[in-house]
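Undergrad:
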Amino acid sequence: MQTNENPTAGTADPIVRFENVTKAFGELVVLRELDFSVAPAEKVTIIGPSGSGKTTILRVLMTLEKPNAGYIYVEGEPLWHKRKNGKLMDADEGHLRKVRGSIGMVFQHFNLFPHMTALRNVYEAPVHVLGMNKEQAIARAEDLLGKVGLADKKEHFPSQLSGGQKQRVAIARALAMRPKVMLFDEVTSALDPELVGEVLSVIRELALEGEMAMLLVTHEMGFAREVSDRVVFFDNGRIVEQGPPEQLFGDPQNPRTKSFLGATLRH
Amino acid sequence: MVARFSVGSERIKNGIFFVIAILIVGTAFGVQMLAEPPELPPFDLLPSLLRGLSTTISLTFWGAILAFVVALITGILRSSQSVVLRSISGIYVEIFRGTSILVQLFWIYFVLPLDPFNISLSAFQAGVLALGLNVGAYGAEVVRGAIQAIPRGQIEASIALNMSRGLMLRRVILPQAIVRILPPFGNLLIELLKATSLASLITLSDVTFQALTLRQTVGRITEIFTLLLFIYFLIAYPLTLGVRWLEKRRQWAT
Ligand SMILES: Nc1ncnc2c1ncn2[C@@H]1O[C@H](COP(=O)(O)OP(=O)(O)OP(=O)(O)O)[C@@H](O)[C@H]1O
Ligand SMILES: [Mg+2]
Chain S
0 MQTNENPTAG
10 TADPIVRFEN
20 VTKAFGELVV
30 LRELDFSVAP
40 AEKVTIIGPS
50 GSGKTTILRV
60 LMTLEKPNAG
70 YIYVEGEPLW
80 HKRKNGKLMD
90 ADEGHLRKVR
100 GSIGMVFQHF
110 NLFPHMTALR
120 NVYEAPVHVL
130 GMNKEQAIAR
140 AEDLLGKVGL
150 ADKKEHFPSQ
160 LSGGQKQRVA
170 IARALAMRPK
180 VMLFDEVTSA
190 LDPELVGEVL
200 SVIRELALEG
210 EMAMLLVTHE
220 MGFAREVSDR
230 VVFFDNGRIV
240 EQGPPEQLFG
250 DPQNPRTKSF
260 LGATLRH
Chain V
0 MVARFSVGSE
10 RIKNGIFFVI
20 AILIVGTAFG
30 VQMLAEPPEL
40 PPFDLLPSLL
50 RGLSTTISLT
60 FWGAILAFVV
70 ALITGILRSS
80 QSVVLRSISG
90 IYVEIFRGTS
100 ILVQLFWIYF
110 VLPLDPFNIS
120 LSAFQAGVLA
130 LGLNVGAYGA
140 EVVRGAIQAI
150 PRGQIEASIA
160 LNMSRGLMLR
170 RVILPQAIVR
180 ILPPFGNLLI
190 ELLKATSLAS
200 LITLSDVTFQ
210 ALTLRQTVGR
220 ITEIFTLLLF
230 IYFLIAYPLT
240 LGVRWLEKRR
250 QWAT
């Protein structure tokens, strides 16, 4: 089902591709032979009921959760497997680190490092993981904090920031690693309502800049409609329906999509 | 927030001042005693007792360093992903926590020189080793607990930033764990100091050994052992104050 109006999406080789991916927690099957891909620079939003497995899609891609079966490719390279004599073997830590380098993630609960200032939260990994020169990394971290509107908070510790500010630092921190795909897992749902807007506008700007692919899980339907090239309705471990936002929100085909959207819109 | 911070630093200042004051007064008192021991009893016994002081202090010092290193390494291994490393470190901890430190000391001093080990240690080395390994085993559990108390989200954020396990440990986990580790380590240090008295039983001439010798030569049992209590207390009390100070000073830990 490739009904995408983004001219770059769908034509180029996918930057992320799930092939038959299954993930279960004990008896509970959360992803069922999932096939799914994201094109470079594509903005994809995943929506669906609670517990349907949306977060799990992001987590297996970030290597926080290991799939039980299937393959995930990042820029054509298998993520959880290593090619060896034409076969795919289980990947080791080194391989995981090599491939997941092009993925970044922003979490629902920020997960900032509480013992580091906002600035150091942002430059720590570029210096120690990418081996960037410290002065350059700090200069870039300052730029990024400026970009998310927090230039004046760089010396603050996370405990001295509001939820919205923390989340913006977390976005800057993830951006500092220059990911090609960024994952956002309900990044505004732990925030007080009046702080949601400032975080969404930062993400909106990133979406407009364009070159980074984005995979978002959100309950903010208006926002999904606005920034996405494609919206995926996910339920019970499967993609039920997907398409450009105007189509999925305006003219959903599947009855499950209809009833889900009906229920959320009525809220 | 700002108000809490300034109250905190006020307390810190008071704490530092108090600890330093006690240390200065205590040291001055000790030096005074050593320089011109008062003739009147029981203080005429002090010079002989204090002859063991340097042994007691260096046993504490080296034992603490060994215990710290052992606790850190073992505590990290206890939290490792490898079943083998976890089991080995677990066995060590259980053995050293589950048996008497006195027996461990005897074992290291009397059994290690025999077949099949043939490792002869001086009494001092044996004392440091027994104290370090015993207290290190308790410390390892402290380290393990502190590492496991780190929220899962911290580890996930480190993975998302593509950190290696070593980097994550050094830059994310240990700096946060250390805040929880230090106060209980202070308590273990006091335990260690008190346990050094056992080394007198393998011929080390610490303050307790001096006391036992004095008892045989001059008698005056009440005076000797009361002074001994005070000596241990005077060394331990600054440590106790230091621990209290650390407990209060937990910055961003909440
Ligand atoms: N580590 C885990 N162990 C056991 N079960 C888990 C684990 N992680 C997730 N699950 C279960 O897997 C299912 C899917 O979880 P997931 O977090 O992916 O859902 P979701 O679509 O993101 O839901 P929500 O909208 O509530 O965030 C849920 O039933 C959840 O309870
Ligand atoms: Mg979720």
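Sequences listed follow chains S and V, in order.
Quick note on numbering: numbering that gives the first Met the number 0 labels position 8 of the first sequence as 7, and the sequence is numbered without any gaps.
Quick note on numbering: numbering that gives the first Met the number 0 labels position 59 of the second sequence as 58, and the sequence is numbered without any gaps.
Note that the Cβ used here is the ideal one computed from N, Cα and C, for glycine as well.
Bear in mind the structure is a predicted one, so any value in this text is a computation, not a measurement.
(1) V216 (chain S): beta carbon under 7 angstroms from a heavy atom of ligand 2?
(2) Spatial neighbours of L33 (chain S) within its chain, please: C-beta separation below 6 angstroms, excluding the five flanking residues on both sides.
(3) Within 10 Å of its beta-carbon, does S196 (chain V) have 16 or more other beta-carbons around it, so buried, or fewer, so exposed?
(4) Within its chain, find whatever has a CB closer than 8 angstroms to the CB of L238 (chain V); leave out the 5 residues flanking it on each side and keep chain order.
(5) Provide the residue span of the beta strand (DSSP E) that contains L87 (chain S), from first to last.
(6) Run the Cβ filter for me: residues under 5 angstroms from any heavy atom of ligand 1, listed in the order they occur in the chain.
(7) If you measure between the beta carbons of P41 (chain V) and E246 (chain V), is that distance less than 8 angstroms?
(8) Which residues of chain S have a Cβ atom closer than 7 angstroms to the Cβ of G179 (chain V), listed in chain order?
(9) Run through the DSSP bridge pairs and tell me what Q241 (chain S) is partnered with.
(10) Could you name the residues of chain S that R96 (chain V) contacts, counting a contact when the two beta carbons are closer than 7 angstroms?
(11) If we define contact as Cβ-Cβ less than 8 angstroms, is V206 (chain V) a contact residue for chain S?
(12) Straight-line CA distance for P184 (chain S) to Q107 (chain S)?
(13) State buried or exposed for S188 (chain S), treating a residue as buried only when at least 16 other CB atoms are found within 10 Å of its CB.
(14) For the segment 108 to 132 of chain S, enumerate the residues whose C-beta is nearer than 7 angstroms to any C-beta of chain V, in chain order.
(15) Say whether the segment 227 to 240 of chain S touches the segment 52 to 67 of chain S, bearing in mind that this needs 3 or more beta-carbon pairs closer than 8 angstroms, one atom from each stretch.
(16) From which residue to which residue does the beta strand (DSSP E) around K22 (chain S) run?
(17) With 8 angstroms as the threshold, decide whether the Cβ of Q1 (chain S) is near any Cβ in chain V.
(18) Does DSSP classify M0 (chain V) as helix, strand or coil?
(19) Are V18 (chain V) and W244 (chain V) touching if we call contact CB-CB under 8 angstroms?
(20) Can you tell me whether E155 (chain V) sits near ligand 4, meaning its C-beta is under 7 angstroms from at least one heavy atom of the ligand?
(21) Given 7 angstroms as the limit, tell me if D184 (chain S) has its C-beta closer than that to any heavy atom belonging to ligand 2.
(22) Any beta carbon from chain V within less than 8 angstroms of R177 (chain S)'s own beta carbon?
(23) Any residues in the segment 60 to 75 of chain S with a beta carbon nearer than 7 angstroms to a beta carbon of chain V? Which ones, in chain order?
(24) Taking 8 angstroms as the threshold (beta carbon to beta carbon), is A281 (chain S) in contact with chain V?
(25) Mind checking whether G25 (chain V) and L233 (chain V) have CB atoms under 8 angstroms apart?
(26) Should F183 (chain S) be flagged as near chain V, meaning a C-beta pair shorter than 8 angstroms?
(27) Would you report the Cα separation of A145 (chain V) and Q246 (chain S), rounded to the nearest angstrom?
(28) Can you list the residues of chain S that S163 (chain V) reaches, using a CB-CB cut of under 7 angstroms?
(29) Determine, for L160 (chain V), whether the minimum Cβ-Cβ distance to residues of chain S falls below 8 angstroms.
(30) Under a Cβ-count criterion, where at least 16 other Cβ atoms within 10 Å of its own Cβ denotes burial, should E210 (chain S) be classed as buried or exposed?
(31) Straight-line CA distance for S258 (chain S) to L182 (chain S)?
(32) Against chain V, with Cβ distances strictly below 8 angstroms, would I14 (chain S) count as a contact?
(33) Count the CB pairs spanning the segment 93 to 100 of chain V and the segment 151 to 163 of chain V that are closer than 8 angstroms, and state whether there are at least three.
(34) Strictly by DSSP, which residues pair up with Y70 (chain S)?
(35) What are the residues of the segment 230 to 245 of chain S that lie near chain V, defined by any Cβ-Cβ distance shorter than 8 angstroms?
TA: On the basis of the supplied data:
(1) Here residue 216 (chain S) corresponds to residue number 217 of the first sequence, with the count starting at 1. Because some heavy atom of ligand 2 lies under 7 angstroms away, the Cβ of V216 (chain S) counts as near it: yes.
(2) The residue given as residue 33 (chain S) occupies position 34 in the first sequence. Answer for L33 (chain S): F17, V20, listed in chain order.
(3) The residue you call residue 196 (chain V) lines up with position 197 of the second sequence. Counting the other Cβ atoms within 10 Å of the Cβ of S196 (chain V) gives 16 or more, which makes it buried.
(4) Indexing the second sequence from 1 puts residue 238 (chain V) at position 239. These residues qualify, in order along the chain: G185, L188, I189, L192.
(5) Within the first sequence, residue 87 (chain S) is the residue found at index 88, counting from 1. From DSSP, the beta strand (DSSP E) with L87 (chain S) extends over 86 to 89.
(6) Selection output, chain order preserved: S:F24, S:V29, S:S49, S:G50, S:S51, S:G52, S:K53, S:T54, S:T55.
(7) Taking the second sequence and counting its residues from 1, the one referred to as residue 41 (chain V) is at position 42. Taking the second sequence and counting its residues from 1, the one referred to as residue 246 (chain V) is at position 247. The answer is no: Cβ separation not under 8 angstroms.
(8) On the second sequence, residue 179 (chain V) is found 180 positions in, with the first residue counted as 1. For the sequence presented, residue 179 (chain V) should be read as Arg rather than Gly. Per Cβ cutoff of 7 angstroms: no residues; R179 (chain V) is ~12 angstroms from chain S at best.
(9) Numbered from its first residue, the first sequence carries residue 241 (chain S) at position 242. Q241 (chain S) is bridged by DSSP to S:V231.
(10) Your numbering for residue 96 (chain V) matches position 97 in the second sequence. Chain-order list of chain S residues neighbouring R96 (chain V): empty, with the shortest C-beta distance near 30 angstroms, by a criterion of under 7 angstroms.
(11) Stepping through the second sequence from its first residue, residue 206 (chain V) is reached at position 207. With 8 angstroms as the cut-off, V206 (chain V) does not count as an interface residue toward chain S.
(12) Translated into positions along the first sequence, residue 184 (chain S) becomes position 185. Translated into positions along the first sequence, residue 107 (chain S) becomes position 108. Contrary to the premise, residue 184 (chain S) reads as Asp rather than Pro in this sequence. Annotation: D184 (chain S) to Q107 (chain S) spans about 6 angstroms, alpha carbon to alpha carbon.
(13) To locate residue 188 (chain S), count along the first sequence from 1; it is residue 189. By the neighbour-count rule (16 or more Cβ atoms within 10 Å), S188 (chain S) is not buried but exposed.
(14) For the segment 108 to 132 of chain S, which is checked against every Cβ of chain V, the residues closer than 7 angstroms are H108, N110, F112, P113, H114, E123, A124, H127, V128.
(15) As far as the Cβ criterion goes, the segment 227 to 240 of chain S touches the segment 52 to 67 of chain S, which means the pair count is three or higher.
(16) As a position in the first sequence, residue 22 (chain S) is number 23, starting the count at 1. Start and end: 15 to 24.
(17) Numbered from its first residue, the first sequence carries residue 1 (chain S) at position 2. For Q1 (chain S), the pLDDT reaches just 43, beneath the cut-off of 50, and the residue's location in the model is therefore unreliable, leaving the point undetermined.
(18) Taking the second sequence and counting its residues from 1, one reaches residue 0 (chain V) at position 1. Caution applies to M0 (chain V), whose pLDDT of 35 falls short of 50 and renders its modelled position unreliable; the value that the coordinates give is listed next. Correct three-state label for M0 (chain V): coil.
(19) For the purposes of this step, residue 18 (chain V) is taken as the residue at position 19 of the second sequence. For the purposes of this step, residue 244 (chain V) is taken as the residue at position 245 of the second sequence. Yes, Cβ-Cβ distance for V18 (chain V) and W244 (chain V) is below 8 angstroms.
(20) Looking for ligand 4 in the displayed structure turns up nothing; the ligands present are ligand 1 and ligand 2.
(21) Position 185 of the first sequence, counting from 1, holds the residue named residue 184 (chain S). Yes - ligand 2 has a heavy atom lying nearer than 7 angstroms to the Cβ of D184 (chain S).
(22) By 1-based counting over the first sequence, the position of residue 177 (chain S) is 178. Not closer than 8 angstroms to any Cβ of chain V, the Cβ of R177 (chain S) fails to qualify, so no.
(23) Using a CB distance below 7 angstroms, the part of the segment 60 to 75 of chain S facing chain V consists of M61, T62, L63, ordered along the chain.
(24) Not covered by the structure: residue 281 (chain S). The range shown for chain S is 0 to 266.
(25) Taking the first residue of the second sequence as 1, we reach residue 25 (chain V) at position 26. Taking the first residue of the second sequence as 1, we reach residue 233 (chain V) at position 234. In contact: G25 (chain V) and L233 (chain V) (Cβ atoms closer than 8 angstroms).
(26) For this step, residue 183 (chain S) is matched to residue 184 along the first sequence. Cβ-Cβ to chain V under 8 angstroms: no for F183 (chain S).
(27) Counting from one through the second sequence, the residue named residue 145 (chain V) turns up at place 146. Counting from one through the first sequence, the residue named residue 246 (chain S) turns up at place 247. Cα to Cα, the separation comes out at about 51 angstroms.
(28) Reading the second sequence from its first residue, position 164 is the one you call residue 163 (chain V). Under the 7 angstroms cutoff, chain S gives R96.
(29) Along the second sequence, one-based indexing puts residue 160 (chain V) at 161. L160 (chain V) counts as touching chain S.
(30) Start at 1 with the first residue of the first sequence, and residue 210 (chain S) comes out as number 211. E210 (chain S) is classed as exposed because its beta carbon has fewer than 16 other beta carbons within 10 Å across all chains shown.
(31) As a working note, residue 258 (chain S) is residue 259 in the first sequence. As a working note, residue 182 (chain S) is residue 183 in the first sequence. Counting only the Cα atoms, L182 (chain S) lies some 27 angstroms from S258 (chain S).
(32) For the purposes of this step, residue 14 (chain S) is identified with residue 15 of the first sequence, where counting begins at 1. It does not; no Cβ of chain V falls within 8 angstroms.
(33) A contact is defined here as three or more CB-CB pairs under 8 angstroms, and the segment 93 to 100 of chain V fails this definition with respect to the segment 151 to 163 of chain V.
(34) Reading the first sequence from its first residue, position 71 is the one you call residue 70 (chain S). According to DSSP, residue pairing for Y70 (chain S) in a beta bridge involves S:E18.
(35) Listed in chain order, the positions of the segment 230 to 245 of chain S with a beta carbon within less than 8 angstroms of a beta carbon of chain V would be empty, since no residue qualifies.
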